[in-house]
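First up is the structure itself, then whatever we jot down about it.
In my numbering, the protein residues as written are 476 to 897.
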């Protein structure tokens, strides 16, 4: 059973109550701190009074039922799951947790981090991480594993890929001495692969994705196999092994279509589009980007990102009317987003092409120099930093501004060398 001190500590931090507020008139502040950190065993009267102040109970008669519900909910926490179903299960468990002293409380609270990220509530995930930090030293080995893993996922969602990798590696370290089930182990390898891919560590990403894929194949998990093939396709694209990339995208697409998972189908279409764009085949790139937007259920953030990709291809293919159309489409989708900040890069990209089409060259230069390039560098989005640095350099070159052109070619080259040595 979860230690009573840990239970009290988590409930207190959830209610934003200080040690002083909870201890007043019951025990000294220092004694409550000892209770919460399991350095002393309080008597039943003290426990009763503390629980009364927190409006919680020590009844654990429904713990077996809670455990079963939690395990089912943890399995449900996936991008492919219905958000309404996830929320309904979450509320059912939370209602029981509020009325019971459950051994499953900590694991449930840790899994909330993943849940909040899945429903795009990074603010709630951040709050949950802050709350749980106070209790980390009481976590079991298994709880520590999920704590590090979901912290890694949170950092990944914030595009802080180095910190994400640090957290994932801490989770991986635990698996060296604590054996998890194969599905959980495969999932961690997949997460590490995705993060390596973002950091352009393509060979490491391929190694982890291959290991995850092998495990998923043994489990006949078509959805996760499709995701692993997608990551392999991305990584092979990065190192210009286009044939291998397309083979993996095709395999992933076939699996995704077999189970009719629109989310992964959409991602693979987008990545195939990006592959063709990298090869200079704008016609095929546009074809696949438009397939993404053909899905009526596509999320607004994806609309913004794909619109920026379409505009780039249309502009460089001299289809200026179509570029204008998707600039308007993308900006409209951007302003409809509830949380705009993570997608402001795409707004800058769309605006930059708008300025070029309107021949507002000074505004174009200022936007790239002052906004887009610094943000890409800050977020370590090296691929796009190189792309738009070279784009700006070519613009300066065509206007006989060779000094600024040389500067931006040099910056692109430096970043490219940095990627090569990561």
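Just so it is clear, CB atoms sit at the ideal spot from N, CA and C, and this is done for glycine as well.
All values reported here derive from a predicted model rather than from experimental measurement.
Local conformation of residue i per DSSP, three classes
i           : result
residue 781 : helix
residue 723 : helix
residue 732 : helix
residue 669 : helix
residue 594 : coil
residue 675 : coil
residue 903 : Look at the range of the chain in this structure, 476 to 897, and you will see that residue 903 is not part of it.
residue 611 : helix
residue 685 : helix
residue 554 : coil
residue 599 : helix
residue 517 : coil
residue 690 : helix
residue 844 : helix
residue 640 : helix
residue 620 : helix
residue 482 : helix
residue 859 : helix
residue 874 : coil
residue 794 : coil
residue 744 : helix
residue 589 : helix
Proximity below 8 Å, CB of residue i to CB of residue j
i           : j           : result
residue 731 : residue 743 : yes
residue 646 : residue 683 : no
residue 587 : residue 603 : yes
residue 890 : residue 866 : no
residue 847 : residue 823 : yes
residue 701 : residue 727 : yes
residue 600 : residue 481 : no
residue 552 : residue 487 : no
residue 894 : residue 857 : yes
residue 705 : residue 724 : yes
residue 783 : residue 805 : yes
residue 863 : residue 850 : no
residue 494 : residue 525 : no
residue 810 : residue 785 : no
Buried versus exposed, by CB contacts within 10 Å (16 or more), residue i
i           : result
residue 517 : buried
residue 581 : buried
residue 507 : buried
residue 579 : buried
residue 500 : exposed
residue 720 : buried
residue 778 : buried
residue 881 : exposed
residue 665 : buried
residue 877 : exposed
residue 836 : exposed
residue 559 : exposed
residue 885 : exposed
Pairwise C-alpha distance: residue j and residue i
i           : j           : result
residue 484 : residue 511 : 5 Å
residue 562 : residue 605 : 22 Å
residue 662 : residue 687 : 7 Å
residue 797 : residue 677 : 34 Å
residue 635 : residue 766 : 30 Å
residue 691 : residue 632 : 24 Å
residue 787 : residue 749 : 11 Å
residue 791 : residue 756 : 11 Å
residue 628 : residue 827 : 31 Å
residue 762 : residue 780 : 15 Å
residue 491 : residue 812 : 30 Å
residue 708 : residue 814 : 29 Å
residue 771 : residue 565 : 27 Å
residue 541 : residue 550 : 14 Å
residue 844 : residue 557 : 42 Å
residue 794 : residue 825 : 15 Å
residue 623 : residue 698 : 24 Å
residue 538 : residue 575 : 7 Å
residue 733 : residue 548 : 25 Å
residue 531 : residue 502 : 18 Å
residue 571 : residue 614 : 21 Å
residue 818 : residue 854 : 12 Å
residue 640 : residue 675 : 13 Å
Supposed close pair residue i, residue j - CB separation, criterion 8 Å
i           : j           : result
residue 625 : residue 667 : Not a contact, Cβ separation roughly 14 Å.
residue 515 : residue 522 : Contact doesn't hold; Cβ gap of about 12 Å is too wide.
residue 554 : residue 593 : 7 Å
residue 577 : residue 535 : 6 Å
residue 710 : residue 739 : Their Cβ separation, rounded to whole angstroms, is 16 Å, which puts residue 710 and residue 739 out of contact at 8 Å.
residue 775 : residue 752 : Not quite, the Cβ-Cβ distance comes to about 22 Å (not below 8 Å), so this is no contact.
residue 660 : residue 650 : 6 Å
residue 745 : residue 717 : Their Cβ separation, rounded to whole angstroms, is 16 Å, which puts residue 745 and residue 717 out of contact at 8 Å.
residue 643 : residue 617 : So it is not a contact: roughly 16 Å between Cβ atoms.
Test: residue i CB closer than 8 Å to a CB of chain C
i           : result
residue 628 : Among the chains in the structure shown there is no chain C, since it carries only a single protein chain.
Any non-hydrogen atom of the ligand NAP within 7 Å of residue i CB
i           : result
residue 501 : Because no ligand of any kind appears in the structure shown, any question about the ligand NAP cannot be addressed here.
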